[in-house]
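A.B. asks: In this note's numbering, the protein residues as written are 14 to 75. Backbone N, C-alpha and C fix where the C-beta goes; we use that ideal spot for every residue, glycine too. For clarity, every value in this text was computed on a predicted model and none was experimentally measured. Below is a structure I'd like to ask you about.
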């Protein structure tokens, strides 16, 4: 079960794509899928979980 009280950094699409050149090539497909999923998600709760997954991957890259 995920902890919904945890604070995390929100990453915009532009910030994510700018980090691909550093070390994000390996996570590019996963991040592309999550960006697409975030743009198509209308439920606020689900969008929170997608943003949380993006933040986990971005912590590894940065």
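Under a three-way DSSP split, which group does residue 127 fall into?
C.D. replies: Not covered by the structure: residue 127. The range shown for the chain is 14 to 75.
A.B. asks: Which word fits residue 59, buried or exposed, when buried means at least 16 other C-beta atoms lie within 10 angstroms of its C-beta?
C.D. replies: exposed
A.B. asks: Could you tell me which of 65, 32, 52, 56 sits nearest to residue 75, measuring between CA atoms?
C.D. replies: 32
A.B. asks: With residue 22 and residue 68 assumed to form a contact (beta carbons below 8 Å), what rounded beta-carbon distance in angstroms separates them?
C.D. replies: 6 Å
A.B. asks: With DSSP run on the structure shown, which of helix, strand or coil describes residue 63?
C.D. replies: Judged by DSSP in its simplified three-state form, residue 63 adopts helix.
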